[in-house]
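Trainee:
In the numbering used here, the protein residues as written are 477 to 647.
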């Protein structure tokens with residue numbers, strides 16, 4: 477519950493005007509998304525609570541619908557991509573997975589609708605979960621990653637954060 481209050485403060489600092497209830501729900505959703513993205517793409521052992529899963533699922537469903545990706549394909553990709561990254565340092569590439577990532581990044585505020593990396597939002601929402609010096613370094617190294625489209629940009633951001641070991645192993 478402590479992280480809920482912290483996120484409420486962070487959102488207020490970012491200038492968003494939400495009711496307390498809505499902010500609390502959004503905070504839980506954002507934390508769930510952060511943990512999910514980290515666990516999907518960085519191999520973190522982050523576990524989500526049942527409540528976080530319930531809040532996150534509609535966002536994932538929207539992104540599945542928008543991208544044409546399905547959960548089975550995503551799970552298979554996660555396993556194969558993570559293994560490849562661990563053994564070779566290379567990252568697998570899949571257009572639908574990349575677009576799913578862009579969709580999720582937009583929904584949680586890591587990427588604007590125009591495909592721009594939202595440095596301040598990432599810093600505010602991830603600062604309690606990751607060592608500040610590592611997060612700062614990763615943001616500095618990754619903030620200018622741009623692909624040919626939003627999907628490729630999301631993929632480049634993920635690879636950059638993984639390569640910068642943005643504290644994701646600590647989640």
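Backbone N, C-alpha and C define an ideal beta-carbon position, used for all residues, glycine too.
Quick caveat: nothing in here was measured; it's all calculated off a predicted structure.
Buried or exposed: residue 624, going by 16 or more other Cβ atoms within 10 Å of its Cβ?
Mentor: Its Cβ having fewer than 16 others within 10 Å, residue 624 is exposed.
Trainee: How big is the Cα-Cα spacing for residue 503 and residue 531?
Mentor: Confidence at residue 503 is low in this model, with a pLDDT of 49, below 50, so the placement of that residue is unreliable and no value is reported for it.
Trainee: What residues in its chain sit with their C-beta under 6 Å from that of residue 567, if we drop five residues either side in the sequence?
Mentor: The residues are 561 and 635.
Trainee: Taking the alpha helix (DSSP H) that residue 567 falls in, what are its first and last residues?
Mentor: Taken as a continuous stretch (DSSP letters only), residue 567 belongs to no alpha helix (DSSP H), as it is neither H nor E.
Trainee: How should residue 592 be labelled, buried or exposed, when 16 other C-beta atoms within 10 angstroms of its C-beta is the threshold for buried?
Mentor: Under this definition residue 592 is an exposed residue.
Trainee: Whose CA, out of 565, 563 and 571, lies closest to the CA of residue 550?
Mentor: Checking every option, the nearest Cα to that of residue 550 belongs to 571.
Trainee: Verify whether the separation of the beta carbon atoms of residue 574 and residue 627 is less than 8 Å.
Mentor: Yes. Within cutoff.
Trainee: In or out: residue 569 buried (at least 16 other Cβ within 10 Å) or exposed?
Mentor: Its Cβ having fewer than 16 others within 10 Å, residue 569 is exposed.
Trainee: Give the single residue among 605, 608, 607 and 616 whose Cα lies nearest to the Cα of residue 594.
Mentor: Nearest of 605, 608, 607 and 616 to residue 594, Cα basis: 616.
Trainee: When we look at the beta-carbon of residue 498 and count the other beta-carbons within 10 Å, is it buried (16 or more) or exposed?
Mentor: In this predicted model, residue 498 has a pLDDT of only 43, less than 50, meaning its place in the structure is not dependable; the value taken from the coordinates is given anyway. When all chains shown are included, residue 498 counts as exposed.
Trainee: Can you give me the start and stop residues for the alpha helix (DSSP H) that residue 608 sits inside?
Mentor: Residue 608 -> alpha helix (DSSP H) spans 608-618.
Trainee: Look up residue 593 in the DSSP assignment and give the residues it is bridged to.
Mentor: Residue 593 is bridged to 587.
Trainee: Assign residue 622 to one of three DSSP states: helix, strand, or coil.
Mentor: If DSSP states are grouped into helix, strand and coil, residue 622 belongs with coil.
Trainee: In the structure shown, what three-state DSSP assignment does residue 574 receive?
Mentor: The answer is helix: DSSP assigns residue 574 an H, G or I state.
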